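What follows is a set of notes on a single structure, which appears directly below.
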Amino acid sequence: MGVDNGRAIPSLIKNSQNGKFDAVIHIGDIGYNLYAYNGRIGDAFMNAIQPFAAIVPYMVIPGNHEYTCYDDKCPGDNGMSYETRFKMPQNTNNMYYTFTLGPALFVAINTEVYFETEMSDLEVSQRQKKWLRQVLREANLPENRARHPWIIVYGHRPLYCTALAECREGMTFFKREGNGTVGSLYDIDDILYDYGVDLAFWGHQHYYERMFPVYNQTAYRNSMYENAFVNPRATVHIVSGTGGMESKTEEFNPTPSLWSAFRSSAYGYTRFSVLNKTHLYLEQIDVDRASFRYKWEINAILCKYFWGRGINSHEMEFIPDLTDFFAIRQLEVSDNE
1 MGVDNGRAIP SLIKNSQNGK FDAVIHIGDI GYNLYAYNGR IGDAFMNAIQ
51 PFAAIVPYMV IPGNHEYTCY DDKCPGDNGM SYETRFKMPQ NTNNMYYTFT
101 LGPALFVAIN TEVYFETEMS DLEVSQRQKK WLRQVLREAN LPENRARHPW
151 IIVYGHRPLY CTALAECREG MTFFKREGNG TVGSLYDIDD ILYDYGVDLA
201 FWGHQHYYER MFPVYNQTAY RNSMYENAFV NPRATVHIVS GTGGMESKTE
251 EFNPTPSLWS AFRSSAYGYT RFSVLNKTHL YLEQIDVDRA SFRYKWEINA
301 ILCKYFWGRG INSHEMEFIP DLTDFFAIRQ LEVSDNE
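Okay, structure coming up:
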């Protein structure tokens, strides 16, 4: 999401000022580019988001555009603009961190260290993986998981996606296997699975895509139910990359993998409400046609030593204008504990 074509910004401002959001998470490629034209683009972007970023926490994580400009309007600054304009939790230069909000633990990771960018660094990537395992290990201690049963990870480059540009059928590209020199995102897939991460949000690809619960390219679906996943044993991955980029949305692979559940190239953003320890409501908003919403619900129950999640999906269901997404917070939904 940038200054030019920042389609989601007006909606984010309106809903934040109306007290509808508790936080906004921007998963990389901030401003396009913060350091362009000696930082003037970054200044303009910060001014554009100030009406909501001054009201609610604005949480960020780096993407490839925080380190590479791809044209002559800005020399590389090794992420200095990103590191100095924001201050995220913990002392990691805004590269990876955690925070809690309600019954959810949010874990942010820097995916750029795994690719051939100015951030590529085998030592850093391994240090982050060690940190991630430790964070999730502690999160799964009985007393901690009881307090924050929802574990949500986010970063810039997705593990699963089906665009023609960079995501290839079977995920043989670096999204899954790394570039062979500085590590591999494949390990991240294992970590998310091993520690029962519920949701993983990614950007980079310029579209919206929701996966079925998936691990190691295998979709965990229950054929008994048309629109429900009963006790899936894997993470639900979501690509949310249509907030407003300087380039057009991307084309999809016409024959997507079996783990791809729903795709849309409409401009918008993803919003969700953690209702309680067992219910989370999420929908993708088309900012140009807000009456149509891609919505689904996760119903999580604690079952021995793992979390079972049942998901109901109703994509592109028409919702009358009188329906208020934020009223979902007022629903009386009991914890299934």
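Numbering-wise (UniProt numbering), the sequence shown opens with residue 1 and increments by one.
Ideal placement from N, C-alpha and C gives every residue a C-beta, glycine not left out.
This structure is a prediction, so every number in the text was calculated from the model and none was measured.
query                                                                                                                                                                                                   : result
Tell me whether K277 is buried or exposed, calling it buried when 16 or more other Cβ atoms sit within 10 Å of its Cβ.                                                                                  : buried
Specify, as a first and last residue, the run of the beta strand (DSSP E) that A200 falls within.                                                                                                       : 199 to 202
Once the 5 residues before and after D198 are set aside, which same chain residues still bring their CB inside 6 Å of it?                                                                               : W150, I151
In the DSSP assignment, what are the bridge partners of T100?                                                                                                                                           : L105
Ends of the alpha helix (DSSP H) at L280?                                                                                                                                                               : Run containing L280: none in the alpha helix (DSSP H); it sits in the beta strand (DSSP E), 279 to 286.
So if DSSP puts Y220 in a beta bridge, which residue, or which two residues, is it bridged to?                                                                                                          : DSSP lists no partner for Y220.
Around the Cβ of T218, are there at least 16 other Cβ atoms within 10 angstroms (buried) or fewer (exposed)?                                                                                            : exposed
Whether or not the region 253 to 273 and the region 205 to 217 are in contact is what I'm after, with contact meaning three or more pairs of Cβ atoms, one per stretch, closer than 8 Å; do they touch? : yes
Considering only C-alpha positions, which residue in the set A266, N33, H279 is nearest to G241?                                                                                                        : A266
Look at the alpha carbon of G19 and the alpha carbon of M46, and state the distance between them as a whole number of angstroms.                                                                        : 20 Å
Note the first and the last residue of the continuous beta strand (DSSP E) segment covering residue 418.                                                                                                : Residue 418 is absent from the model: the chain starts at 1 and stops at 337.
If distances are taken between C-alpha atoms only, which option among L192, V3, L101 comes closest to G155?                                                                                             : L192
Under the rule that 16 or more other beta-carbon atoms within 10 Å means buried, what is P62, buried or exposed?                                                                                        : buried
Are the beta-carbon atoms belonging to E83 and N91 less than 8 Å from one another?                                                                                                                      : no
Identify, in the order they occur along the chain, each residue of the same chain with its Cβ nearer than 7 Å to the Cβ of G268, setting aside the five sequence neighbours on each side.               : A8, Y208, T242, Q284, I285, D286, V287
Check A23 in the structure and name its three-state DSSP category.                                                                                                                                      : coil
Please state the DSSP three-state secondary structure of F262.                                                                                                                                          : strand
Does the distance from the C-beta atom of L164 to that of N64 stay below 8 Å?                                                                                                                           : no
My understanding is that M1 touches G244, with C-beta atoms under 8 Å, so please give their C-beta distance in whole angstroms.                                                                         : 5 Å
Secondary structure at H237, three-state DSSP: helix, strand or coil?                                                                                                                                   : strand
Helix, strand or coil for R176 per DSSP?                                                                                                                                                                : Because the pLDDT of R176 is 49, which lies under 50, any placement of that residue in the model is unreliable, and the question is left without a value.
Per the DSSP calculation, G268 is bridged to which residue(s)?                                                                                                                                          : D286
State the DSSP-derived secondary structure class of A44, mapped to helix, strand or coil.                                                                                                               : helix
Per DSSP, what kind of secondary structure is I55 in: helix, strand or coil?                                                                                                                            : coil
Compare the C-alpha of Q17 against each of A54, G203, A44, E251 and name the closest.                                                                                                                   : A54
Using the Cα positions of V80 and I41, report the straight-line distance between them to the nearest angstrom.                                                                                          : Residue identity check: residue 80 is Met in the sequence provided, not Val. Answer to the nearest angstrom: the Cα atoms are 14 Å apart.
Who does W150 pair with in a DSSP beta bridge?                                                                                                                                                          : A104
Taking only three categories from DSSP, how would you classify Y82?                                                                                                                                     : helix
By Cβ distance below 8 Å, which residues in the same chain neighbour F272 in space, the five residues on each side in sequence not counted?                                                             : L280, Y281, L282, E283
Rounded to a whole number of angstroms, what is the C-alpha to C-alpha distance between V3 and L132?                                                                                                    : 32 Å
Once you ignore the five residues that flank Y96 on each side, which residues in its own chain have a CB closer than 7 Å to its CB?                                                                     : A108, I109, N110, Q128, W131
What are the boundary residues of the alpha helix (DSSP H) that Q134 is part of?                                                                                                                        : 122 to 139
Apply the 10 Å Cβ neighbour rule to L136 and answer buried if 16 or more other Cβ atoms are within range, or exposed otherwise.                                                                         : buried
Using CA atoms only, rank isn't needed, just tell me which of A44, I49, E251 is closest to S11.                                                                                                         : I49
Taking Cβ positions, are W202 and H148 nearer each other than 8 Å?                                                                                                                                      : no
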